[in-house]
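Colleague: Numbering (the numbering used here), first residue to last: 46 to 818.
Got a structure for you, questions after.
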Amino acid sequence: MLTVGLNVFEIQCRTILLLLPVLLVCSQLHAQTNVNRTLSGIIVTDSNESVAEVSVIVRYPSGQQKTVSDSEGNFRLTVPNEPLTLRVEGKNIDSVERVIGPGEASENLRIKVRFVIPPVHESVVIVAAPADPVIDRRDDAVYKNTLFSRDDQVFHTLSAGIDVGQHEGGGKSLEIRRFGFNLDHGGVNGGLKVLVDNLQQNQTTQGHGQGYLGQLKSLIPELVEGVDVINGPFNPEYGDFSGLGVVHIRLKESLPDQLTWRIQGGSFNTFRNFLAYSPQLKRGDALIAYEGSGTDGPFINPLHYRRDNLTGSYTLRVSENRRLGFKMNLGRNDFTSSGQIPLDEVAAGRLDRFGFIDPDNGGRVRAGALATYFRREGAQGSLFKLDGFVARSLFDLYSNFTFFLNDKTNGDEIQQHDSRLQEGINAQYIRPYNLFGRRALLIAGGNFHANQINVGLNKSSGRVPIDIVTRAHANVTNLAGYFQQGIDLLGGRLHLGGGLRYDYFRFAVDDKVNALFSGSQGASRLQPKANLSFTPSDRFPMTIYLNYGRGISSQDARGVVQRASGPKVSTTDFYQAGTSHTFKGFSLVTDLFLIDRSNEQVYIPDDGSFEFRGPSRAYGFEVKSSIKLTRRLSFNGGFTKVSNAFFRGTSPRVYVDSAPYLVSNAALTLAGWRGFSGSLRYRHISNYRLDGEDPAIRASGHDILDLSMTKRIHRLVDLNLSIDNLTNKRYFETQNYFESRLRPADPATARIHGTPGYPIGLTIGLTFHLLGK
Numbered sequence: 046m047l048t049v050g051l052n053v054f055e056i057q058c059r060t061i062l063l064l065l066p067v068l069l070v071c072s073q074l075h076a077q078t079n080v081n082r083t084l085s086g087i088i089v090t091d092s093n094e095s096v097a098e099v100s101v102i103v104r105y106p107s108g109q110q111k112t113v114s115d116s117e118g119n120f121r122l123t124v125p126n127e128p129l130t131l132r133v134e135g136k137n138i139d140s141v142e143r144v145i146g147p148g149e150a151s152e153n154l155r156i157k158v159r160f161v162i163p164p165v166h167e168s169v170v171i172v173a174a175p176a177d178p179v180i181d182r183r184d185d186a187v188y189k190n191t192l193f194s195r196d197d198q199v200f201h202t203l204s205a206g207i208d209v210g211q212h213e214g215g216g217k218s219l220e221i222r223r224f225g226f227n228l229d230h231g232g233v234n235g236g237l238k239v240l241v242d243n244l245q246q247n248q249t250t251q252g253h254g255q256g257y258l259g260q261l262k263s264l265i266p267e268l269v270e271g272v273d274v275i276n277g278p279f280n281p282e283y284g285d286f287s288g289l290g291v292v293h294i295r296l297k298e299s300l301p302d303q304l305t306w307r308i309q310g311g312s313f314n315t316f317r318n319f320l321a322y323s324p325q326l327k328r329g330d331a332l333i334a335y336e337g338s339g340t341d342g343p344f345i346n347p348l349h350y351r352r353d354n355l356t357g358s359y360t361l362r363v364s365e366n367r368r369l370g371f372k373m374n375l376g377r378n379d380f381t382s383s384g385q386i387p388l389d390e391v392a393a394g395r396l397d398r399f400g401f402i403d404p405d406n407g408g409r410v411r412a413g414a415l416a417t418y419f420r421r422e423g424a425q426g427s428l429f430k431l432d433g434f435v436a437r438s439l440f441d442l443y444s445n446f447t448f449f450l451n452d453k454t455n456g457d458e459i460q461q462h463d464s465r466l467q468e469g470i471n472a473q474y475i476r477p478y479n480l481f482g483r484r485a486l487l488i489a490g491g492n493f494h495a496n497q498i499n500v501g502l503n504k505s506s507g508r509v510p511i512d513i514v515t516r517a518h519a520n521v522t523n524l525a526g527y528f529q530q531g532i533d534l535l536g537g538r539l540h541l542g543g544g545l546r547y548d549y550f551r552f553a554v555d556d557k558v559n560a561l562f563s564g565s566q567g568a569s570r571l572q573p574k575a576n577l578s579f580t581p582s583d584r585f586p587m588t589i590y591l592n593y594g595r596g597i598s599s600q601d602a603r604g605v606v607q608r609a610s611g612p613k614v615s616t617t618d619f620y621q622a623g624t625s626h627t628f629k630g631f632s633l634v635t636d637l638f639l640i641d642r643s644n645e646q647v648y649i650p651d652d653g654s655f656e657f658r659g660p661s662r663a664y665g666f667e668v669k670s671s672i673k674l675t676r677r678l679s680f681n682g683g684f685t686k687v688s689n690a691f692f693r694g695t696s697p698r699v700y701v702d703s704a705p706y707l708v709s710n711a712a713l714t715l716a717g718w719r720g721f722s723g724s725l726r727y728r729h730i731s732n733y734r735l736d737g738e739d740p741a742i743r744a745s746g747h748d749i750l751d752l753s754m755t756k757r758i759h760r761l762v763d764l765n766l767s768i769d770n771l772t773n774k775r776y777f778e779t780q781n782y783f784e785s786r787l788r789p790a791d792p793a794t795a796r797i798h799g800t801p802g803y804p805i806g807l808t809i810g811l812t813f814h815l816l817g818k
């Protein structure tokens with residue numbers, strides 16, 4: 046019995062000795078569970094937008110840790126179960142501190158920060174910080190992963206209620222339609238102001254149309270850093286042509302690889318080369334890039350569109366708080382156009398959809414610009430920016446809209462010529478300060494823009510001028526000053542802002558055909574701005590906003606001088622009210638808008654005539670959303686619905702025509718999944734009336750799908766593929782209603798004319814990333 050007892054005791058001792066390490070490990074794990082916890086959350090603005098690359102510092106009695114918020118504003122740390130002091134800080138951000146006790150919740154925190162100066166001002170370029178909402182912002186992902194061959198494809202990525210269409214061939218400026226108004230080529234009916242690195246693309250007193258956007262042909266898509274779209278004239282930084290909004294395109298100052306080469310080819314004899322060199326510099330950033338492309342399009346009369354562009358940029362970090370930049374852009378394009386063809390002839394089968402009437406339509410453009418930029422950070426967060434530019438362009442366009450309507454012998458072909466020199470200077474000062482103990486921001490600046498233009502209209506045949514119709518030397522000068530004051534109240538939940546801009550224009554014309562049309566005139570306009578945004582509760586991610594702005598659009602100098610009693614500058618009063626919601630990966634913006642346009646006197650460069658447009662009004666609503674479905678997959682979409690657009694004071698009512706009342710878009714985007722990136726993009730416009738009095742005369746709408754995909758096939762090589770008009774939709778991009786005569790013996794007929802949209806087209810390319818940094 047004693048032996049048995051000793052054996053049992055020995056076994057028990059051995060068991061305890063064997064289990065002791067396990068018990069010690071378990072107890073240590075239990076102790077660690079008690080002493081450690083997770084600290085996590087998201088950094089957002091007062092408008093519930095996530096903030097990346099913000100420093101998160103947590104201090105506790107036994108030490109401290111530090112991390113940085115990721116691209117979606119999230120952070121996560123494992124910390125001791127001790128009293129914590131959480132501090133969030135970053136450049137131009139008001140520091141935030143929060144004390145968290147041992148028993149308090151430390152996961153899924155929502156930390157709100159306020160920018161002393163909005164991040165957009167970090168650029169050396171003068172850029173406005175858009176009023177709420179700011180969902181209409183595009184980064185560089187779509188531009189570096191998509192194969193572009195036409196500038197309208199770049200605009201299709203913007204969406205934002207903007208409808209654009211090819212207008213007689215790839216080398217001519219797009220026709221712009223927005224908020225129920227047809228802006229022609231960007232400068233009438235309020236205008237859409239387009240800038241590239243703060244250099245205005247809209248050309249005043251242009252040979253083909255006021256506010257013409259032909260300069261965009263020299264834009265290289267791979268160099269786009271980002272695009273800000275402002276819905277209306279809400280920011281005082283922008284004046285002429287900003288009535289229906291602003292599109293500001295910002296270009297890269299460097300590329301991730303020292304040498305990048307893209308070669309692509311596809312349908313319709315399309316080819317394109319992109320070659321860029323971006324050296325690695327100690328005290329600066331630099332790049333130089335070349336683009337050469339061409340296509341014949343689907344037309345029976347080949348487009349022969351050839352484009353060559355050269356862009357350079359150099360930014361020097363002079364010191365810790367000073368930067369000096371230089372930018373250069375050169376471009377040329379030549380093209381043949383099939384024009385706008387009569388759609389009744391297409392419907393009857395007598396003319397192919399891609400056919401032509403006059404084979405000599407087309408044109409040539411030469412353009413160049415040099416710009417310099419200076420940025421200095423001062424004491425207490427203040428900023429001073431200064432830029433200047435000089436630009437030169439040559440433009441000749443040959444068109445035949447009406448065929449033999451006016452001249453049965455030679456036809457109605459015209460040549461429009463524009464040769465111009467531009468100079469400009471822009472300055473801006475930004476100062477954050479405390480106003481009555483509240484955070485405030487003052488922005489003040491000025492603009493100077495001068496144009497010297499040799500502009501004219503000739504009758505021509507076979508691209509040979511046969512008679513001078515108009516010819517003039519015009520000088521248009523625009524001088525402006527502005528300021529904007531913003532203040533945050535109620536702990537940052539209420540933001541009030543107001544601003545004022547003053548523009549003065551001088552129009553001088555030396556007419557070379559009729560001396561009676563020579564002279565000079567001046568005009569000026571004040572443009573008030575106001576905005577309010579309010580977040581009722583930090584617990585519910587919703588912001589209510591109200592915006593108002595007055596925008597202006599100058600008239601052609603020839604029209605101003607010839608009809609001095611008419612309006613020299615038209616105005617647009619834009620009212621907007623809505624809500625924005627941002628929660629984790631979901632954003633939603635809704636708004637109502639009301640637009641009041643003043644009288645407008647439009648000079649028609651096609652024949653030297655005038656069109657007087659009375660005061661008009663448009664109103665409607667918008668819905669836009671963005672959803673992050675997974676870490677790799679996201680969806681965004683929206684629509685702009687114009688409820689009505691009409692001329693005020695007309696009886697019976699006359700409606701604003703030539704623009705759709707519904708514009709919508711959607712995109713499904715894949716990023717970095719097993720080497721694949723791409724997007725499936727959809728765009729829609731409704732049918733719309735082409736006559737203000739007869740609702741039966743209408744342009745057809747369309748629904749288009751485009752696909753782009755990129756696959757990393759080697760660490761140095763990407764395979765790119767794009768399919769435009771994936772469903773091979775038959776449609777017309779630009780449609781207008783006017784009178785024409787096809788043959789000398791035919792009767793004059795009022796009919797719809799249109800430019801056909803491209804059918805399905807495939808483009809394949811390879812991108813080589815060499816000499817990485």
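We put the CB at the ideal spot given by N, CA and C, even for glycine.
Is DSSP giving H230 helix, strand or coil here?
Modeller: Residue state, collapsed to three classes: coil.
Colleague: In terms of residues, what are the limits of the beta strand (DSSP E) holding A412?
Modeller: Run containing A412: G407 to E422, per the beta strand (DSSP E) assignment.
Colleague: How big is the Cα-Cα spacing for L369 and N243?
Modeller: Answer to the nearest angstrom: the Cα atoms are 15 Å apart.
Colleague: Of the residues S382, H814 and V113, which one's Cα is nearest the Cα of T340?
Modeller: Minimum Cα distance to T340 is reached at S382.
Colleague: Quick check: what's the CA-CA separation for G407 versus H729?
Modeller: Cα-Cα distance, rounded: 28 Å.
Colleague: Please tell me whether, using a cut-off of 8 Å, the distance from the CB of F224 to the nearest non-hydrogen atom of the ligand ZN is below it.
Modeller: The ligand ZN is not part of the structure shown, which contains no ligands of any sort.
Colleague: Residues in its own chain within less than 6 Å of S464 by CB, not counting five upstream and five downstream?
Modeller: For S464, where only same-chain residues beyond five positions count, the Cβ hits under 6 Å are L439 and N499.
Colleague: If you pair each beta-carbon of the region 534-541 with each one of the region 577-584, do three or more pairs fall below 8 Å?
Modeller: Judged by Cβ distances under 8 Å, the region 534-541 makes contact with the region 577-584, as three or more pairs qualify.
Colleague: Report yes or no: do three or more beta-carbon pairs, one from the region 216-226 and one from the region 552-568, lie closer than 8 Å?
Modeller: Flag = no, the region 216-226 and the region 552-568 do not touch.
Colleague: Please name the residue, chosen from D302, H212 and S661, that lies closest to G852 on a Cα-to-Cα basis.
Modeller: Outside the modelled stretch of the chain, which goes from 46 to 818, sits residue 852, for which no answer is possible.
Colleague: Of all the beta strand (DSSP E) runs that stay within the bounds of the region 254-336, which reach a length of 3 or more residues?
Modeller: The region 254-336 contains these whole beta strand (DSSP E) runs: 269-275, 291-296, 302-311 and 315-322.
Colleague: Could you give the C-beta distance for Q309 and I768, rounded to a whole number, given that I count them as a contact under 8 Å?
Modeller: No, Q309 and I768 are not in contact; Cβ-Cβ is about 13 Å, not under 8 Å.
Colleague: Are the CB atoms of V161 and V89 nearer to each other than 9 Å?
Modeller: Taking 9 Å as the Cβ cut-off, V161 and V89 do not qualify as a contacting pair.
Colleague: Please list, in chain order, all residues of the same chain as T12 whose beta carbon is under 7 Å from its beta carbon, the five residues on each side excluded.
Modeller: No answer is possible for residue 12: the residues shown for the chain start at 46 and end at 818.
Colleague: May I ask which residues mark the beginning and end of the beta strand (DSSP E) holding E667?
Modeller: Note, E667: beta strand (DSSP E), S661 to K673.
Colleague: Nearest to S670 by alpha carbon, out of S625, V647 and L361?
Modeller: Checked all of S625, V647 and L361; the closest Cα to S670 is S625.
Colleague: Can you tell me which residues form a DSSP beta bridge with F429?
Modeller: DSSP output for F429 lists R421 and Y474 as bridge partner(s).
Colleague: Can you have a look at H814 and say buried or exposed, based on whether 16 or more other CB atoms are within 10 angstroms of its CB?
Modeller: Burial call: buried.
Colleague: Would you give the residue range spanned by the alpha helix (DSSP H) that L203 belongs to?
Modeller: First-last for L203: undefined, no H or E at that position.
Colleague: Where does G394 fall in DSSP's three states?
Modeller: Three-state DSSP puts G394 in coil, outside helix and strand.
Colleague: Look at the alpha carbon of A519 and the alpha carbon of K557, and state the distance between them as a whole number of angstroms.
Modeller: Taking the straight line joining both Cα atoms gives about 11 Å.
Colleague: In angstroms, rounded to a whole number, what distance separates the CA positions of Y706 and G277?
Modeller: Approximately 17 Å between the Cα atoms of the pair.
Colleague: Nearest to I597 by alpha carbon, out of P128, A436 and R642?
Modeller: Among P128, A436 and R642, the Cα nearest to that of I597 is on R642.
Colleague: Classify I809 as helix, strand or coil using the three-state DSSP reduction.
Modeller: I809: strand per DSSP, three-state reduction.
Colleague: In the DSSP output, what is R757 paired with across the bridge?
Modeller: R757 is bridged to D763.
Colleague: First and last residue of the alpha helix (DSSP H) that includes Q602?
Modeller: According to the sequence shown, residue 602 is Ala rather than Gln. It spans A602 to Q607 - the alpha helix (DSSP H) in which A602 sits, taken as one unbroken run.
Colleague: Given G630, which residues of its chain have a CB within under 7 Å of its CB, disregarding the five upstream and five downstream residues?
Modeller: If we look at G630 and ignore the five residues flanking it on each side, its Cβ neighbours are I672 and K673.
Colleague: Could you compute how far the alpha carbon of S679 sits from the alpha carbon of S116?
Modeller: So the alpha carbons of these two residues sit roughly 14 Å apart.
Colleague: What beta strand (DSSP E) runs, 3 residues minimum, are completely inside the region 339-377?
Modeller: If we require 3 residues or more, the beta strand (DSSP E) runs fully inside the region 339-377 come out as 350-364.
Colleague: Counting only the same chain and skipping the five closest in sequence on each side, list residues whose C-beta sits under 6 Å from that of Y105.
Modeller: Closer than 6 Å at the Cβ level, and outside the excluded window around Y105, lie P125, E127 and L129.
Colleague: Since G723 and G694 should fall inside the 8 Å C-beta cutoff, what is the C-beta to C-beta distance between them, to a whole number of angstroms?
Modeller: With 8 Å as the limit, G723 and G694 do not qualify as a contact, their Cβ atoms being about 51 Å apart.
Colleague: Within the same chain, show all residues whose beta-carbon is closer than 7 Å to that of P404, passing over the 5 residues directly before and after it, in chain order.
Modeller: Closer than 7 Å at Cβ, skipping near neighbours: N346.
Colleague: Can the beta-carbon of I386 be found less than 9 Å from the beta-carbon of S358?
Modeller: Contact flag unset, no.
Colleague: Nearest to S427 by alpha carbon, out of I488, D452 and F419?
Modeller: It is I488.
Colleague: From the DSSP secondary-structure annotation, give me the bridge partner or partners of F399.
Modeller: Paired residue(s): none; F399 is not in a bridge.
Colleague: Name the DSSP beta bridge partners of Y443, please?
Modeller: Answer is G407 and Q460.
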